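Residue numbering for the sequence shown follows our numbering, beginning at 95 and increasing consecutively.
Have a look at the structure below before the remarks.
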Amino acid sequence: MSYVEKAFYQYIKTIFTSGLKVLFSKKYIFYTIAFILISVTSTVFYLIEKELAAIDVGYILIGVELAVAVTYIVFGLFFSRYPFKYWVGPAFLVAAGGSALIYYLPIVANFDISPFIAGICYLAWIIVSVFITFSISRNFWGSKVLGSVMFLGKQADEGSILFGGVVFILSLANAAMGGYLMYFGIDTSDPFLIFTACFAIIAIILVNVIIFVLGKKDDVFYTILAFFYIFTSFTLWKLTIYTIRGQPPSDNVGSILVALFFIFYTVSNYGKKVKRIEASALDQTRLQEEREEETKKRKRRRKKKVEIVVEEEERWGLLKIPRAIGPLGVLMSIMGLILGYHVTYLQILSDKDIFAEIFTESFSVNYLVGLKDKFAIILLPLMIAFFLLSYLWSVNFRKYASPILYRFEFLPPFDELVERIDRIKRGEDSWKIYANMIIKEGVKIGVKSTARKVIISPTKKVAGAIGGAYSKTKSGVGRVFRRRKKDKGKNKKIDENET
95 MSYVEKAFYQ YIKTIFTSGL KVLFSKKYIF YTIAFILISV TSTVFYLIEK
145 ELAAIDVGYI LIGVELAVAV TYIVFGLFFS RYPFKYWVGP AFLVAAGGSA
195 LIYYLPIVAN FDISPFIAGI CYLAWIIVSV FITFSISRNF WGSKVLGSVM
245 FLGKQADEGS ILFGGVVFIL SLANAAMGGY LMYFGIDTSD PFLIFTACFA
295 IIAIILVNVI IFVLGKKDDV FYTILAFFYI FTSFTLWKLT IYTIRGQPPS
345 DNVGSILVAL FFIFYTVSNY GKKVKRIEAS ALDQTRLQEE REEETKKRKR
395 RRKKKVEIVV EEEERWGLLK IPRAIGPLGV LMSIMGLILG YHVTYLQILS
445 DKDIFAEIFT ESFSVNYLVG LKDKFAIILL PLMIAFFLLS YLWSVNFRKY
495 ASPILYRFEF LPPFDELVER IDRIKRGEDS WKIYANMIIK EGVKIGVKST
545 ARKVIISPTK KVAGAIGGAY SKTKSGVGRV FRRRKKDKGK NKKIDENET
């Protein structure tokens with residue numbers, strides 16, 4: 095496989111392997127198993143409810159699933175940072191009481207709250223998934239491994255984003271779809287569809303401004319933003335296909351699979367912390383002492399006004415939210431939203447429709463799906479504008495959304511590189527010339543890296559930085575000279591044989 099393929103597969107593999115480690119770690123396995131059992135059981139019984147109509151097991155499980163969804167969201171957002179023993183009892187009581195309330199409320203008071211809970215979770219998941227999609231695009235193109243491979247040899251001031259031509263062609267296809275939705279909305283006198291088509295066209299205009307104008311200023315961020323638009327264009331394609339076919343909008347199993355992938359992706363960021371998480375369950379006292387000691391150290395650092403180096407992505411304001419509620423809170427909140435989303439999905443798979451039974455027949459599950467798709471299309475240009483303004487006004491967002499990559503800009507352009515390799519093959523050029531050039535550039539990079547590290551922390555970084563730069567340069571020079579010695583030895587043997 096090529097470097098790009100290996101980097102891409104490694105990126106996907108890391109998401110799943112790290113996600114599995116977190117989901118089935120000792121601290122999270124209870125919530126994971128509960129999520130799996132509830133969603134699978136409700137699906138099975140809801141689909142075979144015709145055979146158990148007298149027992150109505152499926153509707154009971156729907157009440158349980160919605161109650162657990164609310165419990166996951168509420169306790170994930172507000173209580174997950176506290177020790178488990180303090181809130182596990184109240185959480186269980188809320189889930190049990192909520193299940194009974196959702197099931198018996200229609201019988202006692204002739205009022206069903208389940209459609210409201212399911213609908214709110216369904217639409218709220220769209221907003222959360224949009225931010226997760228941007229994070230996926232950012233971590234895909236901004237990854238130190240995959241991003242550096244993709245931007246290898248590209249000059250920062252070249253004036254274009256990656257695959258700009260591909261994004262432009264896809265935007266033209268999206269423009270045709272937006273135009274069709276506009277025409278269909280005018281033809282059927284559907285103002286909401288016309289309004290949605292207008293926002294789809296606005297998003298297309300913005301992405302073309304990114305390709306041809308803004309991409310010259312920062313190719314990393316605007317590549318991330320352009321592909322965020324591409325990743326979220328699926329909703330426009332889906333709405334257009336259903337409109338052309340004349341079918342009511344619907345979801346499929348792919349939507350659930352994407353939601354499950356988002357779970358793996360979200361928790362994969364905590365994969366490196368699994369050992370510490372499991373250690374906390376075994377030795378809470380020791381870790382508490384370490385946290386207290388770390389807090390004291392931070393206070394002393396603030397008094398001395400020494401810069402504390404943190405990860406760039408933790409500095410952006412919105413990313414302080416998941417950091418505040420913690421890994422467990424993030425996992426519980428996302429699982430809760432997906433459980434509510436799953437209840438709506440079950441209405442599509444079965445004959446029942448809790449939405450049409452409560453509201454009107456015009457507000458069915460298909461209407462809710464169409465509303466969700468239109469809402470996602472309207473939200474897309476607003477999010478693009480939000481990210482553009484954040485990049486303009488927020489230094490912290492720029493550091494997060496435009497990470498520094500290893501471009502190796504000293505490499506020649508691709509066409510020139512191919513030509514040089516051909517000249518070396520033909521014997522017209524010596525590889526030693528290019529090896530020396532690479533060594534010189536490596537020395538420059540080492541010096542620059544040393545300077546950055548010296549500025550960040552003079553007392554701790556200078557020795558390691560200089561030593562690292564020296565060892566890398568020394569090893570590179572050594573490899574070149576070893577090759578030269580081998581070549582000289584080969585030439586000497588050839589001369590002796592000829593003599």
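Each residue gets a CB set at the ideal place from its N, CA and C atoms; glycine is no exception.
Here the structure is a predicted model, which is why all the values come from computation and not from measurement.
Under the three-state reduction of DSSP, Thr282 is assigned to coil, being neither helix nor strand. If you look at Tyr176, you'll find it isn't in any alpha helix (DSSP H); DSSP assigns it neither H nor E. Contact check for Ile318 against Ser242 fails: the beta carbons are separated by 8 Å or more.
Contact between the segment 337 to 349 and the segment 307 to 314 is absent: fewer than three C-beta pairs spanning the two stretches fall below 8 Å. Distances from the CA of Ile305 to each of Tyr323, Thr290, Ala294, Cys292 were compared; the closest alpha carbon is that of Tyr323.
In this structure, the beta-carbon distance from Ser133 to Ile156 does not fall below 8 Å. For Ile207, the secondary structure class from DSSP, reduced to helix, strand or coil, is coil. Burial check for Tyr500: the Cβ neighbour count within 10 Å stays below 16, so the residue is exposed. Straight-line spacing of the CA atoms in Phe286 and Thr108 works out to 42 Å. Here Asn460 is buried: its Cβ has 16 or more other Cβ atoms, across all protein chains shown, within 10 Å. The criterion of a C-beta distance shorter than 8 Å is not satisfied by Leu431 and Ala161.
Residue burial is scored here from C-beta neighbours: Phe491 has at least 16 other C-beta atoms within 10 angstroms and is therefore classed as buried. Val164 and Ile196 have their C-alpha atoms spaced approximately 11 Å apart. For the 8 Å CB-CB criterion, Tyr122 and Leu422 form a contact. Each residue's CA atom was taken as its position, placing Phe469 and Phe325 some 16 Å apart. Minimum Cα-Cα distance from Arg417 among the listed residues Gly183, Phe457, Thr360, Pro342 corresponds to Thr360.
With a threshold of 16 other beta carbon atoms within 10 Å, Asn204 falls short and is exposed.
Judged by pairs of C-beta atoms under 8 Å, the segment 256 to 271 touches the segment 325 to 335, as three or more such pairs exist. A direct Cα-to-Cα measurement between Asn302 and Phe262 gives close to 7 Å. Collapsing the DSSP output to three states places Leu256 in coil.
Counting only the Cα atoms, Leu486 lies some 46 Å from Leu131.
Shown here for Ile154: same chain residues with a beta carbon closer than 7 Å to its own, the five before and five after excluded, namely Tyr197 in chain order.
If you keep only unbroken alpha helix (DSSP H) runs of at least 4 residues inside the segment 198 to 246, you get 208 to 235, 240 to 244.
Excluding its 5 nearest sequence neighbours in each direction, Lys466 has C-beta neighbours in its own chain below 7 Å: Tyr216, Leu217, Ile220, listed in chain order.
Ranked by Cα distance from Ile106, the first of Ser237, Val188, Pro200 is Ser237. The C-alpha of Ile428 is placed about 24 Å away from the C-alpha of Asp206. Shown here for Ile478: same chain residues with a beta carbon closer than 7 Å to its own, the five before and five after excluded, namely Ala297, Leu300, Leu319, Tyr323 in chain order. DSSP places Lys414 inside the alpha helix (DSSP H), whose first and last residues are 414 to 443. Burial of Thr438 is indicated by the presence of at least 16 other C-beta atoms within 10 angstroms of its C-beta. From the listed residues Leu483, Leu476, Phe257, Leu240, the smallest Cα separation to Cys292 is found for Leu476.
As the crow flies, the alpha-carbon of Ile419 is around 7 Å from that of Ser174. Distances from the CA of Lys414 to each of Ile142, Tyr166, Leu171 were compared; the closest alpha carbon is that of Leu171. Here the alpha carbon of Leu199 sits roughly 18 Å from the alpha carbon of Ala450.
Check the Cα spacing between Leu412 and each of Ala294, Ser458, Ile226: the tightest is with Ile226. A buried status is given to Thr337, since no fewer than 16 other beta-carbon atoms sit within 10 Å of its beta-carbon.
Around the C-beta of Glu159, 16 or more other C-beta atoms lie within 10 Å, and the residue is accordingly described as buried.
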